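The listed protein sequences derive, respectively, from chains G and Z.
For reference, each letter of the first sequence is one residue, going 1109 to 1561 in the numbering used here.
For reference, each letter of the second sequence is one residue, going 324 to 762 in the numbering used here.
Even for Gly, the Cβ is constructed at its ideal location relative to N, Cα and C.
Note that the structure is predicted; figures quoted are calculated from it, not measured.
See structure below.
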Amino acid sequence: MKNIAPKLPVEEYEKNFAELHPPLTSNSAITEANRCLYCYDSPCMKACPTHIDISTFIKKISTGNLLGSAKTIYESNWVPLTCAKACPVEVLCEGACVYNLTGEKPIEIGRLQRFAIENYFSKGMPVIFHKSPVNGKSVGVIGSGPAGLACGAELSLLGYKVTIYESNKIPGGLNTWGIAPYKMRREDSLKEVEMVKSFCVEIKTGTMIGRDIKVAELLNQHDAIFLGVGLGESPPLSIPGEKLPGVIGALEFIEKVKSENWEDVHVGKRVAVIGAGNTSIDAATEAKRLGAEQVFIIYRRSDVEMPAYKFEYDLAKKDGIVFHFLTSPKRIVGKYFVEGIECLKMKLGAADNYGRRRSSPIPGSEFIIPVDMVIKAIGQETKSSFLSSIPNLTLDNEGCVVVNPKNFQTTNPRIFAGGDCINGGKEVVNAAYDGKNAAHGIDKFLSLPYGGK
Amino acid sequence: MVDLSINCAGIKSPNPFWLASAPPSNSAYQNCKAFEHGWGGTVWKTIGEPVMNVFNRYGGLDYNGQKIFGLNNIELISDRPIEVNLREIAETKKLWPDRAVVVSLMVESKRETWHEIVKRTIDTGCDGIELNYGCPHGMSERGMGAAVGQVPEYCKMITEWVKEVSTIPVIVKLTPNVSNIQLPARAAKAAGADGISLINTINSIIGINLDTFELKPNVGSLGGHGGYAGPAVKPIALHLLSQVAIDPEVNLPISGIGGISNWRDALEFILLGASSVQVCTAVMHYGFRIINDMIEGMINWMESKNISSLDQIMGKSLPRISDFGNFDLLNRTIARIDQKKCIHCNLCYIACEDAAHQCIDLTPVNGHNQTEVREKDCVGCALCSLVCPVEGCISMVRIDDGSASKTWNQLLEDFKKSGKKLTWENLAEFQHKHGIEID
């Protein structure tokens, strides 16, 4: 990189990556829990993709039944701490809270869930679930992200022998590697992994299926397979200069930050982030908090079409991120490393198939923003080469695995799938739902007379 | 112009708010500070026999995160020497001639002892005497307090002793720990008491510590019943007050006590016949400063209602007190839900479904549940409107035109006249005639 941003004092990093939302104290949790109306058939529960019985777990906090509260949460969701910290609660449970309709502050469901789960961890994870007798069948789970963990936990409790294969040395998938540190630290994700392991789920880390173990071998070893492989690399921008040192994919960058060795993550003095999704905001704010002087988000449409949630946009603005809307990158400038990014001004036209307005370049509107680093955050590709190596699997036009939405079974009857690899990239909570329900799909399938091998 | 001044049993004060005989009125320092804040009067914490308190003495009842919904205590009467109290009472009255200074008394049940303390009390220049026949703990075991209030004969006897020597108004403070509050009130009246105050605290155990199995409050490892007070006791106090207020055999001025925390509570006591009100727990929770809102709130309310003095509203709700037999069986109400205000918490549904008459339907509409009352099945019990968290969302609407009216007593009278017995069949016939179906 031409200009690396100067390193910050240690305490500065800690301050910058301190939690955005501090935990509730015992008193404040009980007060907040008591504010809950205990709605019947509550809208918050319906809004949660995993349908956690929210009003019930909150009621249990109010009576001091914290163990019961954690159990109620786990009955619906195996990664509740990650969900409590990383869910876009504003558009899910808290957005559905009836208090929104009375003009009052919605119940802080995310923070209450965190309170219940952190209390459970601090008590040393006492046993609240009992395994069914071992049934002699085994399931291989590929990927230890939220979908894989949820599927593994559920199956193990149902009596299956579960092995999770994880290519990374440290498990947890995006829960461990993909969430901005000021939202959640790696250790939180690892505690959730420990919880799942406590059900006798084996996690083989550093094991990449396709490389270390062939898919065929896996199909031989197990009665069924669950794919929770998530997504792969950022797609190429397909513009000149993309190979210059200083260009990096957002996920790769965020993963480096998640190592929590702040000083070792180099950022440019001036950074451009391409794209305006939630991952772009994470990358931009993280670069800023690592010491970048100026961070730009470059997006070809306007703030109206921007996929990032409003609270993420607000956070970026608070961090002083500069937004270049209606701007598209044309070329990354630089001889030996990134020196700038040449952009084109765009204008909006008619809506596309998704209802978003298309943008088209304004001829002759080229301008250069001098930057030292470019972070690509224009989404992720599916792991198409791996997925297409699996027999009888069907992928849709976007490269996502096609499943039966009822039981998450793929077109290869012994293979099930869930999470980002079937939806192209949604929330942790969606993956948690998929994994749990796929487990029941697998259980039903393997309980058939001719199910399995 | 609103005038808040009152006269309760011949004791005058610039407003109806008195400190109850309790920890906040323990000393000259406290009573004078209360007067500075604007309190109209005080009932000095009970003086009398030598006592010694234990250290831990209060237990709080918290409810849904709210502190001190109720408070109990095992504190005794004043544990300061009587000479100190008498001196401070005299000094306080001298400093605050316009405020009511009433002194609460409790001594052993001997005529001479009572005569002596009454005389010494009158010498302080105070405005009145309150006889503590209510303290439920500590003193009652020694034959005082509630031990007197629970036996009308004792109540009458001691009041007579006091009246023999008293030259100032005598108020008898009653215990609620009786089955008929009117009996000790009548005894006080018969003995010549000038007024009644009620209620004293209610016998209570505030709770148990689930880790140690100790009672709350816990003294060493022991606990016992204490006197219960605070917002939670207000409904009980209002009822007992009304029972005394409507009793023609009592017919005495009343100072109302029991869970009064603000001007609204105070007005309810006044509407049921109190001419002054006494406050303790709210002061124990928040301090004397609450008097500011009490006075201002009451004045604002009175101005908004064009009421210039409290005499105009004292006892105004008493004529509405009646018995079940006089309630109109045909005054029909049903619940109506304002769909525009509904926030879809469905609390009305589950309350009606599980605890009332299963007449609210839950229908999915546009991703939420719509709650609708099946009016023909609604009995108008109002539970749904009570659980609804949105003001004005569920209203109880009267559906009869008022032309038909029948009370239980009238119905029984009708049956008698027409030679009918009170049977389920005859009752059903009456209900059917008026379109009431109960299955």
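Cβ of residue i within 9 Å of any chain G Cβ
i	result
E668 (chain Z)	With the sequence shown as reference, residue 668 (chain Z) is identified as Cys, and Glu is not the correct amino acid for it. With 9 Å as the cut-off, C668 (chain Z) counts as an interface residue toward chain G.
N532 (chain Z)	no
Y672 (chain Z)	yes
G690 (chain Z)	yes
V696 (chain Z)	no
P712 (chain Z)	yes
L327 (chain Z)	no
L706 (chain Z)	no
L685 (chain Z)	yes
Q389 (chain Z)	yes
Those residues which DSSP pairs with residue i across a bridge
i	result
V1482 (chain G)	G:V1355, G:A1380
Q389 (chain Z)	Z:Y386
K1312 (chain G)	G:Y1273
A552 (chain Z)	Z:L394
G530 (chain Z)	Z:K539
W341 (chain Z)	Z:G364, Z:Q601
F1553 (chain G)	None, per the DSSP bridge assignment.
C331 (chain Z)	Z:I334
T1490 (chain G)	G:L1339
G1248 (chain G)	G:T1271, G:I1333
V495 (chain Z)	Z:L454, Z:I519
Contact with chain Z by residue i, beta-carbon distance below 9 Å
i	result
N1142 (chain G)	yes
K1154 (chain G)	yes
Y1462 (chain G)	no
T1158 (chain G)	no
D1149 (chain G)	yes
L1200 (chain G)	no
I1166 (chain G)	no
L1145 (chain G)	yes
6 Å Cβ shell around residue i - same chain, five flanking residues per side excluded
i	result
L1266 (chain G)	S1240, D1551
V1403 (chain G)	V1379, A1392, A1395, K1396, I1429
Residue i versus the options, residue with shortest Cα-Cα distance
i	options	result
V602 (chain Z)	Z:D446, Z:W362, Z:K756	Z:W362
T1562 (chain G)	G:V1536, G:M1316, G:A1424	Outside the displayed range of chain G (1109 to 1561) lies residue 1562 (chain G), so it cannot be described from this structure.
F1445 (chain G)	G:C1451, G:L1456, G:V1479	G:V1479
F1475 (chain G)	G:T1435, G:T1502, G:T1313, G:P1130	G:T1435
T1502 (chain G)	G:P1521, G:L1175, G:K1484	G:P1521
N526 (chain Z)	Z:V485, Z:G468, Z:E476, Z:I481	Z:G468
I1389 (chain G)	G:I1287, G:I1347, G:E1371	G:I1287
G466 (chain Z)	Z:T444, Z:L497, Z:K433	Z:K433
E1127 (chain G)	G:E1371, G:A1192, G:F1334	G:A1192
W624 (chain Z)	Z:I522, Z:N585, Z:C355	Z:N585
E1202 (chain G)	G:M1153, G:P1469, G:E1401, G:I1449	G:M1153
L1209 (chain G)	Z:V713, Z:K639, Z:D762	Z:V713
I522 (chain Z)	Z:G457, Z:G742, Z:I491, Z:A589	Z:G457
S645 (chain Z)	Z:G549, Z:D570, Z:Q681, Z:Y672	Z:D570
P347 (chain Z)	Z:V606, Z:V710, Z:D737, Z:L418	Z:V606
W1370 (chain G)	G:N1135, G:V1441, G:S1496, G:P1117	G:P1117
Own chain, CB closer than 7 Å to residue i, minus 5 neighbours either side, in chain order
i	result
H608 (chain Z)	I391
F1516 (chain G)	F1524, A1525, G1526, D1542, N1545, A1546, G1549
Q566 (chain Z)	I504, Q505
P1093 (chain G)	The requested residue 1093 (chain G) is not part of the displayed model; chain G covers only 1109 to 1561.
Beta-carbon contacts of residue i that lie in its chain and below 8 Å, excluding the five residues immediately before and after
i	result
N732 (chain Z)	G648, N649
W341 (chain Z)	W362, G363, G364, T365, V366, A423, V425, S578, S599, V600, Q601, V602
K1167 (chain G)	A1141, C1144, Y1146
The ligand SAM heavy atom lying under 8 Å from the CB of residue i
i	result
K1534 (chain G)	As presented, the structure is devoid of all ligands, the ligand SAM included, so that no description of it is given.
Report yes or no: do the region 1134-1151 of chain G and the region 663-683 of chain Z share at least 3 C-beta pairs separated by less than 8 Å? The region 1134-1151 of chain G, when compared against the region 663-683 of chain Z, does touch it at the 8 Å Cβ threshold.
Say whether the region 513-523 of chain Z touches the region 331-340 of chain Z, bearing in mind that this needs 3 or more beta-carbon pairs closer than 8 Å, one atom from each stretch. Counting Cβ pairs under 8 Å, three or more are found: they touch.
Would you call the region 1115-1126 of chain G and the region 1450-1466 of chain G in contact, with 3 or more CB pairs under 8 Å? With a cut-off of 8 Å, the region 1450-1466 of chain G and the region 1115-1126 of chain G do not count as touching, because too few Cβ pairs lie within range.
Between the region 404-424 of chain Z and the region 364-375 of chain Z, do at least 3 Cβ pairs fall closer than 8 Å? Verdict: yes, contact present.
I want to know whether the region 603-623 of chain Z touches the region 422-436 of chain Z - three or more CB-CB distances under 8 Å. With a cut-off of 8 Å, the region 422-436 of chain Z and the region 603-623 of chain Z do not count as touching, because too few Cβ pairs lie within range.
How about the region 1243-1252 of chain G and the region 1321-1334 of chain G: do they share at least three Cβ pairs that are nearer than 8 Å? With a cut-off of 8 Å, the region 1321-1334 of chain G and the region 1243-1252 of chain G count as touching, because enough Cβ pairs lie within range.
Counting pairs of beta carbons, one from the region 1218-1238 of chain G and one from the region 1172-1184 of chain G, are three or more of them closer than 8 Å? Contact between the region 1218-1238 of chain G and the region 1172-1184 of chain G is established, with three or more Cβ pairs separated by less than 8 Å.
Any chance the region 435-447 of chain Z sits against the region 484-491 of chain Z, with 3 or more Cβ pairs inside 8 Å? Yes, since at least three Cβ pairs between the region 435-447 of chain Z and the region 484-491 of chain Z fall closer than 8 Å, the two stretches touch.
For the region 1366-1381 of chain G and the region 1478-1498 of chain G, state whether three or more C-beta atom pairs, one from each stretch, are separated by less than 8 Å. The region 1366-1381 of chain G makes contact with the region 1478-1498 of chain G; the number of CB pairs closer than 8 Å reaches 3 or more.
Three-pair Cβ contact test at 8 Å for the region 1293-1300 of chain G versus the region 1331-1345 of chain G: The region 1293-1300 of chain G vs the region 1331-1345 of chain G: no contact.
So, does the region 1462-1469 of chain G touch the region 1346-1359 of chain G, judging by three or more C-beta pairs under 8 Å? Taking 8 Å as the limit for Cβ pairs, the verdict is that the region 1346-1359 of chain G does not touch the region 1462-1469 of chain G.
Would you call the region 588-598 of chain Z in contact with the region 507-515 of chain Z, where contact means no fewer than 3 C-beta pairs closer than 8 Å? Not touching, per the Cβ criterion.
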